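Numbering (the numbering used here), first residue to last: 3 to 274.
Before any comments, here is the structure.
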Amino acid sequence: MKSSTGALSHLDAEYSDPTALQVRIDTHRRFSEKADDPQADVLAAINLTGTEYLADIGCGDARFLASLAAAGHQGPLVGVDTSATMVAAADVIPGVRGILADATRMPFDDNTFDVLTARHMLYHVPEPAAALAEFRRTTKPGGIVSVVVNRPKSCPRLRELITAHAATYGIDPADALPYTVNAETLPPLMNEAFGTATLLRRDNALVFDSPEPLIHFAASLFTFDGIAPDNPHRAAILTDLTADIEDWFTYHPGQAWRDPKGYLVATATIPD
Ligand SMILES: C[S@@+](CC[C@H](N)C(=O)[O-])C[C@H]1O[C@@H](n2cnc3c(N)ncnc32)[C@H](O)[C@@H]1O
Numbered sequence: 003m004k005s006s007t008g009a010l011s012h013l014d015a016e017y018s019d020p021t022a023l024q025v026r027i028d029t030h031r032r033f034s035e036k037a038d039d040p041q042a043d044v045l046a047a048i049n050l051t052g053t054e055y056l057a058d059i060g061c062g063d064a065r066f067l068a069s070l071a072a073a074g075h076q077g078p079l080v081g082v083d084t085s086a087t088m089v090a091a092a093d094v095i096p097g098v099r100g101i102l103a104d105a106t107r108m109p110f111d112d113n114t115f116d117v118l119t120a121r122h123m124l125y126h127v128p129e130p131a132a133a134l135a136e137f138r139r140t141t142k143p144g145g146i147v148s149v150v151v152n153r154p155k156s157c158p159r160l161r162e163l164i165t166a167h168a169a170t171y172g173i174d175p176a177d178a179l180p181y182t183v184n185a186e187t188l189p190p191l192m193n194e195a196f197g198t199a200t201l202l203r204r205d206n207a208l209v210f211d212s213p214e215p216l217i218h219f220a221a222s223l224f225t226f227d228g229i230a231p232d233n234p235h236r237a238a239i240l241t242d243l244t245a246d247i248e249d250w251f252t253y254h255p256g257q258a259w260r261d262p263k264g265y266l267v268a269t270a271t272i273p274d
């Protein structure tokens, strides 16, 4: 009980400030081996006309909704998130409404949305099947639901290094953020919720040829490995990790740090 409560409060702390999320998004954009654009993949999957009522669940800093509004989307746009900071970021965008709500209990009538997206958020929900059922309830027959999750063990080299350093300060791996569903486990859940789903897998890697951006990225992942934003050992762990990563580059001259990663876009049409 202790660990799941701790992990959920770490989730609130992690997303009360958008900085770490923005570092991760920026790192994937700049240091991916192949072009990495989950937002473009979702847009291709949902194929908007511009008039749809669209909800983005777990909207984060609302850059997806901002880009739709800026492109002239005419239909209503809603950003739902459990973080008041993220909801506020959505709410200030002209044409966008921010709603503070949990994906499993949303304050919308049945059959409200034409399109619902849930990008890189379902893995934080303790009961992902309950969220998918809620997505189905709130989306109209004939409407579209598109969900993005990471492949299992994204960036394993770096994650193992962070976990090893965290362990030396007694950090309990059970306090890592909830990570309940991945690219392998999502398809059967989609089939159960929607009958079937179209799957697009993107396999890629992060590649760093110098230590600084890798260290910066590592710090942005700390809460994912149980090192809460207010953990008193955070600075010491970062110092130890920095030394380790700098040593790796010193002893591997001319070599890049490569870490595999990838994501799945799963898209379903709500049956009539
Ligand atoms: C990894 S961020 C992704 C943000 C954005 N979708 C993106 O792809 O950049 C996950 C977001 O989901 C939100 N979130 C986590 N659990 C949630 C839940 N149960 N219901 C709604 N939002 C949730 C977090 O507050 C955070 O803003």
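Ideal Cβ placement from N, Cα and C applies to all residues, glycine included.
Computed from a prediction, not measured in an experiment: that's the story for all the values here.
Length of the line joining the Cα atoms of Ala168 and Ile239: 7 Å
For Asn152, name the three-state secondary structure that DSSP assigns.
strand
> If you draw a straight line from the C-alpha of Phe110 to the C-alpha of Ala57, how long is it?
Replying inline: 10 Å
Exercise. Does the Cβ of Ser85 lie closer than 6 Å to at least one heavy atom of ligand 1?
Worked result: yes
Q.
Could you check whether Leu67 and Val117 sit closer than 7 Å to each other, using their CB atoms as the reference points?
A. The answer is no: Cβ separation not under 7 Å.
Provide the residue span of the alpha helix (DSSP H) that contains Ala91, from first to last.
-> Ala86 to Asp93
(message) What does the alpha-carbon distance come out to for the pair Ser6 and Asp177?
(response) Caution applies to Ser6, whose pLDDT of 45 falls short of 50 and renders its modelled position unreliable; the value that the coordinates give is listed next. Going from the Cα of Ser6 to the Cα of Asp177 covers about 7 Å.
Starting from the Cα of Ser160, find the closest Cα among Pro143, Gly256, Ala221 and Thr84 and give me that residue.
A quick correction: the sequence has Leu, not Ser, at residue 160. Per the Cα distances, Ala221.
- Pick out whichever of Pro40, Ile27 and Asp63 has its Cα sitting closest to the Cα of Pro20. Asp63
Item to complete: Could you give the DSSP three-state label for Pro109: helix, strand or coil?
Response: coil
What is the DSSP secondary structure of Tyr125, counted as helix, strand or coil?
DSSP places Tyr125 in helix when its eight states are reduced to three.
* Would Arg203 be called buried (16 or more neighbouring beta carbons within 10 Å of its own) or exposed? -> exposed
Check for me: the alpha helix (DSSP H) holding Asn283 runs from which residue to which? Only positions 3 to 274 of the chain appear in this structure, which leaves residue 283 out of reach.
task = Using only the heavy atoms of ligand 1, determine whether one of them is closer than 6 Å to the beta carbon of Tyr55.
result = no
Check your understanding: Anyone know if the C-beta pair for Tyr17 and Ser69 falls short of 7 Å?
Key -> In this structure, Ser69 does not lie closer than 7 Å to Tyr17 by Cβ.
**Asked** Should His167 be listed as close to ligand 1, given that the test is whether its C-beta is under 6 Å from any heavy atom?
**Response** no
Taking the CB atoms as reference points, tell me whether His30 and Thr225 lie closer together than 7 Å.
-> no
Cβ-based neighbour list, Val150, same chain, cut-off 6 Å, excluding 5 preceding and 5 following: Pro40, Arg121, His122, Tyr265 and Val267
Query raised in the report: Would you report the Cα separation of Val25 and Ala195, rounded to the nearest angstrom?
Result: The C-alpha of Ala195 is placed about 33 Å away from the C-alpha of Val25.
**Q.** Strand pairing of Ile146, partner residues [DSSP]
**A.** Val117 and Thr271
Exercise. By Cβ distance, which residues of its chain are closer than 8 Å to Glu129, with the 5 residues on each side in sequence left out?
Worked result: Closer than 8 Å at the Cβ level, and outside the excluded window around Glu129, lie Thr106 and Thr182.
**Report entry** Any non-hydrogen atom of ligand 1 closer than 6 Å to Asp104 Cβ
**Finding:** yes
I need the boundaries of the beta strand (DSSP E) containing Asp58, first residue and last residue. Leu56 to Ile59
For Arg295, write down the residues that DSSP places opposite it in a beta bridge.
-> For residue 295 there is no data in the structure shown, the boundaries of the chain being 3 and 274.
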